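To start, the structure under review is shown below, and the notes come after it.
What follows is the structure, given as C-alpha cells:
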C-alpha cells in the first residue's frame, strides 16, 4: 500500500498559519533569502529542470513560462496567483492556503523577483471567503517584516506588493483572461487572444499567471539541496503532485503523491476505496472539464504521459470516483448542467451548444432520443471543442465525448442505458 | 511594410504583417462567413462563424482574430470547417426569432444571407429562443432582443465610437442578452439615439422606428398638402440601395422619386442649411463683438444635442442657439410657406428625409413647434425612404432627373457640405469671413477643416485676426473636447461637432452596409457637388435673401429668434459609471 509523501505539504501542521514568527521558526522565508542571491533566470531554469508543469490544469512548462515572462519588457509587470480553484472536485489549493499561507506568499514573492513583477494579485474564489482573514494576515505580517514592500531584504529596486482579490463565484473566472477582467472590476468573461496575457494582461500590463500549487512548490524546490523532489517520478512527470480525490470513496481528501503512483493505489489505498457493496462505475480526471473512463485505468501510473495514453488528463488534479449507484447518463446530465450554467454566453458554440447538449441528454434520459439526436450531440460536442472562444467551451464536452467512446451502450438508442 | 506569405486553400497570398486571415482571404475574393466581424470595429471573435482550419493547429482558428504568419496554410472549406460553420448557423437559428418576412431587415439581413448561402433549410434543432422583450418608448429606435445574435457590434459602436455605453451584455450562458442599464428604453439611459447601433446590427435586433405608414397615409389623403425636405447627405447615400456605386450623386433621381411618391412639394434641407449659416454666423459675430461665451459650439446634430444635454449640461451656454436646418425648415414651412401659399396649417404635413434616427426625437421636442403643433410632422430615415421607393415599385436608377421646387428648394454649395464633418464649419467660414472683412475668402475651400480625423483644428486668418476653430465628429471625441473645455485647455473660437462618424453621411439612419469606406466616398461626393455649383455661399442664396427681405428681416431679429432659435436644457442622468478601472 502506497503512502503519501511530504514535499509541497511539508509545512502542513508544522506552524501556526496566523503567525509569521511561527513560520520563521520553521525556516520560513529562507527560500526567499536564497532566491535574492540568485539570478532570476537561474530560478526559472531551476523550476524548468524540475519539470514543474502548471498545476492549474493546462500543464504548461512553468520554468519556460517564468523565463518568458521575465523576458517581456515593461516598467510595470504583474503576477497573478490563480486561486479561483473552480473545477468541481478540486480542493488542493484550499488546503495549501489553509495550512501554509506564508509559503504561498513566499512563492509569489520569489516569482515576482524572478519575472521582475512589482505587483502580485492573489485572486481567490469567492467561496473561500473564510480563508481571506488568513491571507490578509499573512500579507500584512509579511509587509510588517519587510518581506513585502519596497527594497525587499535590502535588495535595491526589488519592490513587490500583494493584493488580495475575490471574484463573485463564476467558474469561468478561472480562465486567465476572464480572471483578469474580473480583477479589473469588469464582468468576468474571457476575451480572445492575442493579445496574450504575458504581453497585455491585467490593466493591460505584462502579466504572469500561476496556480497556487505551482507557487507553493517553488520555495521548497529552492531549498531542496538533497534533490528529494527530483527523486520521485520520471520522464516528463518528475516530483510530487497534490490530488483531490472525491465522490464515492471512503476517505476523500487531498493527497500528495509521487508521480507514478497507480490510480488504484490512489483510489483504493489513500482514499480507501468505494463504500462496500458497490462497484466502480466511472472516474473523471481533472474536474468537470475532464474526460471520464472506467476501471480499465486503475493500474495506470498517475503521470502526465500515462494518463494521456489512457485517454484522460491530469488537469486540475481532481479524481472523481462514481460508483454504480449513478448511471453514466445521470452523471453526464449533472456534468452538462454545470456547464450549461457556467458558460459565459459570449461565443456561439459554447452558449448555444451547452444549452442543446443539456436538452439532448434529457431527451436521451427520457428514452426519446433518435440516432439523429445522438449524431447531433456528437456534432455539437465536436464544434464546441474545435471552435469555442476559450478553454471552457473547448473542454465542456470532454466528459460527453469520452463517454461516447468508453460507454457506447449509454448512447445505443433504444438499448440499455 | 513587412509582407507575409501564406496559402489560403493552396492559393499563394501575400499580405502585410498584422493582416487577419479574414482580410487576407478577402484579398483573393474569398468571403469567410462572419457576424461579429465588422471592418470598422475591433475584433470580438465571438460568433466563431469564421472558424477555419490552419495546418498544424488542432483547433480551428477564428479568421477575424488570427493574424497571418509566414508559411501559414489556411483552409476555408474543408469538411470540418463547413460542418462547424453550418453547425454554428443552426445553433444561432434555433435561438432566433425567425419571423423574417415581417422583419424590418428582411432582404438585407446578414444572418439571412448566411443561411441562404449555406442552404440552412432546416435547423434540425428545437426552438430555444426565449423571445426576450425590450422597452421601446422612444421615437427613434426599436430593439428586439429576440433577433439578437449576441455579436456585440452595437455595444462596440456605442462604446468605442460614441463613448457612451448605453448598451451592454447582461447575464450569462444562454440567458445572455444585449440590454440597456436596467433594461430601460434607450432614451432613458445615457443613449443619444444616434442610431450607430442600428447601422452595424447584422440582423433586426435594433432598427429605426418605422414611420413610413404615417407618410403613406398622408400622401393618400386628398386634404393634405404634403411637403418633403431632404437632408444634404441623402442624395449621396440613397443610391447605395439601388445598385449605384457608393458615393454616387443621385439628387435628380431622388427628387423625381419623391414627386412620383406623391409629395406635393419637394424641397431641400440645403436651403435651410444656408439659413442656419445666416443665423449661426450672425450669432458667432455677435458673440465676437459682445465678449460672448467661447468656444461656440454648433447645434445641428441632434445626437450631439442629446449628448451635451445628458452629459455636459454645464457647457450648454457654449451651444449656439440656432436650431438645426431641419427644424428651421419646419418652422419656416409652417409660417412663411403657409402664409405665402395660403394653405391652412391643418392641411400642411411636413416630412423630412434624414440620415439620422435622433432627428425623429428632435422633431418631437416641444421646442420644435408652436401652439401645440409640430414643425416637422414626420421624420423618415434614408432607410425608410428606400422602403417607400421600393413600395411604389420605382426603378430608381432609371428615373429621369428633376429639380427641387421653389421657394424652399434652392441650396448653395455651402449648404450641400453640411452633410459631412467639417462642412458646417467651412460653410460658416465662407459667410463669416465675408461679413467681417467685406471680401470673399480666397480660396473658398478651407482645406484645413476637411478630412476624416475625429478631431481637426485650424487657424483661419479673418482680416487681421487669427480665429482658431476645431471640427469634431463621433461622441467619444466630443467627450474629449468637452473635457478640454472644462479644463480650460481650449482656446478655440468655434467648434463644429457632429455625433456620427463622418457627420451626417455616416448617420445612424443611413443605408445598411455603411462603413467608413463608404463614408469617405460620400464625403468626396458632397465636396464635388459644392465644387460644381455656381452658388457656393449661403448668404448669396437668392431664396434666403428673399426670405429675410419678405419675412424675417435680419438674422437674429425678433422674428428669427422666435422661429429659428431655441434653448437647450440639462437632462437628468439617472446613474453614473466609472469608465476604466485603474491600477493602484
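Chains as they are written, first to last, in the working numbering: chain C, 618 to 1034; chain U, 379 to 962. All residues carry an ideal CB built from backbone N, CA and C; glycine is no exception. Please read all numbers here as calculations on a predicted model, not as lab measurements.
Quick check on the DSSP output: the beta strand (DSSP E) that includes residue i runs from which residue to which?
{"i": "residue 732/U", "result": "726-732"}
{"i": "residue 871/C", "result": "870-875"}
{"i": "residue 899/C", "result": "897-902"}
{"i": "residue 521/U", "result": "519-521"}
{"i": "residue 844/U", "result": "843-851"}
{"i": "residue 835/U", "result": "833-840"}
Just reading off the alpha helix (DSSP H) that residue i is part of, what are its end residues?
{"i": "residue 708/U", "result": "703-710"}
{"i": "residue 463/U", "result": "457-472"}
{"i": "residue 989/C", "result": "988-1004"}
{"i": "residue 732/C", "result": "718-732"}
{"i": "residue 584/U", "result": "Taken as a continuous stretch (DSSP letters only), residue 584/U belongs to no alpha helix (DSSP H), being part of the beta strand (DSSP E) at 584-586."}
{"i": "residue 825/C", "result": "Residue 825/C -> not in any alpha helix (DSSP H); beta strand (DSSP E) instead, spanning 824-828."}
Let me check understanding here. Comparing Cα to Cα, which of the options lies closest to residue i?
{"i": "residue 903/U", "options": "413/U, 615/U and 609/U", "result": "615/U"}
{"i": "residue 498/U", "options": "424/U, 426/U, 436/U and 468/U", "result": "468/U"}
{"i": "residue 900/C", "options": "704/C, 752/C, 925/C and 940/C", "result": "940/C"}
{"i": "residue 816/U", "options": "852/U, 917/U, 487/U and 945/U", "result": "917/U"}
{"i": "residue 683/C", "options": "692/C, 671/C and 693/C", "result": "671/C"}
{"i": "residue 580/U", "options": "794/U, 417/U and 934/U", "result": "417/U"}
{"i": "residue 503/U", "options": "495/U, 513/U, 474/U and 479/U", "result": "474/U"}
{"i": "residue 675/U", "options": "652/U, 649/U, 455/U and 702/U", "result": "702/U"}
{"i": "residue 985/C", "options": "895/C, 1030/C, 720/C and 627/C", "result": "1030/C"}
{"i": "residue 681/C", "options": "845/C, 661/C, 695/C and 928/C", "result": "661/C"}
{"i": "residue 419/U", "options": "544/U, 496/U and 577/U", "result": "577/U"}
{"i": "residue 563/U", "options": "862/U, 391/U, 545/U and 649/U", "result": "545/U"}
Mapping the DSSP letters down to three states, classify residue i as helix, strand or coil.
{"i": "residue 572/C", "result": "No statement about residue 572/C is possible, as the shown extent of chain C runs from 618 to 1034 and does not include it."}
{"i": "residue 628/C", "result": "coil"}
{"i": "residue 704/C", "result": "coil"}
{"i": "residue 890/U", "result": "coil"}
{"i": "residue 394/U", "result": "strand"}
{"i": "residue 385/U", "result": "strand"}
{"i": "residue 940/C", "result": "strand"}
{"i": "residue 958/U", "result": "Residue placement at residue 958/U is poorly supported in this model, since its pLDDT is 42, which falls under 50; the coordinates are not used for a value here."}
{"i": "residue 618/C", "result": "Per-residue confidence for residue 618/C stands at a pLDDT of 44, beneath the threshold of 50, marking its modelled position as unreliable; no derived number is given."}
{"i": "residue 699/C", "result": "strand"}
{"i": "residue 935/C", "result": "strand"}
{"i": "residue 570/C", "result": "Residue 570/C lies beyond the range of chain C shown here (618 to 1034); nothing can be said about it."}
{"i": "residue 777/C", "result": "strand"}
{"i": "residue 965/C", "result": "helix"}
{"i": "residue 648/U", "result": "helix"}
{"i": "residue 637/C", "result": "helix"}
{"i": "residue 437/U", "result": "coil"}
{"i": "residue 855/U", "result": "helix"}
{"i": "residue 861/C", "result": "strand"}
{"i": "residue 677/C", "result": "coil"}
Just to confirm, does residue i get its C-beta within under 7 Å of one of the non-hydrogen atoms of the ligand FMN?
{"i": "residue 630/U", "result": "This structure does not include the ligand FMN; it has no bound ligands of any sort."}
Worksheet entry | Members of the region 938-971 of chain C that neighbour chain U once the beta carbon cut-off is set at 9 Å | 956, 957, 958, 959, 960, 961, 962, 963, 964, 965, 966, 967, 968, 969, 970 and 971
Discussion item. Closer than 7 Å between beta carbons: that is the criterion. Which residues of the region 395-412 of chain U meet it against chain C?
Written reply: none
Worksheet entry | Touching by the beta-carbon criterion (3+ pairs, under 8 Å), the region 394-409 of chain U and the region 928-939 of chain C | no
Worksheet entry | contact_flag[the region 678-695 of chain U, the region 851-870 of chain U] where n(CB pairs < 8 Å) is 3 or more | yes
Discussion item. What are the residues in the region 580-597 of chain U lying within 8 Å of chain C by C-beta distance?
Written reply: none
Discussion item. Pairs of beta-carbons, one from the region 744-764 of chain C and one from the region 624-641 of chain C, closer than 8 Å: are there three or more?
Written reply: yes
Worksheet item: With a cut-off of 8 Å, do at least 3 Cβ pairs link the region 517-530 of chain U to the region 616-631 of chain U?
Response: no
Item to complete: Using a Cβ-Cβ cut-off of less than 8 Å, list which residues of the region 969-996 of chain C approach chain U; keep chain order.
Response: 969, 970, 971, 972, 973, 976, 989, 993 and 996
Practice prompt. Mind checking the region 1007-1023 of chain C against chain U and listing, in chain order, the residues whose C-beta falls within less than 8 Å of any C-beta there?
Written response: Contact residues of the region 1007-1023 of chain C toward chain U are 1011 (C-beta to C-beta distance below 8 Å).
Worksheet item: For the region 625-637 of chain C, which residues have a CB atom closer than 8 Å to at least one CB atom of chain U, in sequence order?
Response: none
Item to complete: Using a Cβ-Cβ cut-off of less than 8 Å, give me the residues of the region 466-495 of chain U that come near chain C, in sequence order.
Response: 466, 469, 470, 472 and 473
Discussion item. Tell me whether the region 778-791 of chain C and the region 732-739 of chain C touch, counting them as touching only if at least three CB pairs, one residue from each stretch, are closer than 8 Å.
Written reply: yes
Fill in: Inter-stretch contact at 8 Å, needing at least 3 Cβ pairs: the region 780-796 of chain U / the region 929-942 of chain U
no
Worksheet item: Taking Cβ-Cβ distances below 9 Å as the criterion, which residues of the region 515-528 of chain U are in contact with chain C?
Response: 527 and 528
Worksheet item: Any contact of the region 868-875 of chain C with the region 659-675 of chain C, i.e. 3+ C-beta pairs under 8 Å?
Response: Taking one beta carbon from each stretch, the region 868-875 of chain C and the region 659-675 of chain C have fewer than 3 pairs nearer than 8 Å; the two do not touch.
Worksheet item: Going along the chain, which residues of the region 643-655 of chain U sit with their C-beta nearer than 9 Å to a C-beta in chain C?
Response: none
Worksheet item: Is it a yes or a no for the region 640-659 of chain C touching the region 804-822 of chain C, going by three-plus beta-carbon pairs under 8 Å?
Response: Flag = no, the region 640-659 of chain C and the region 804-822 of chain C do not touch.
Discussion item. Does the contact criterion of 3 or more C-beta pairs under 8 Å hold for the region 839-858 of chain C versus the region 684-692 of chain C?
Written reply: no
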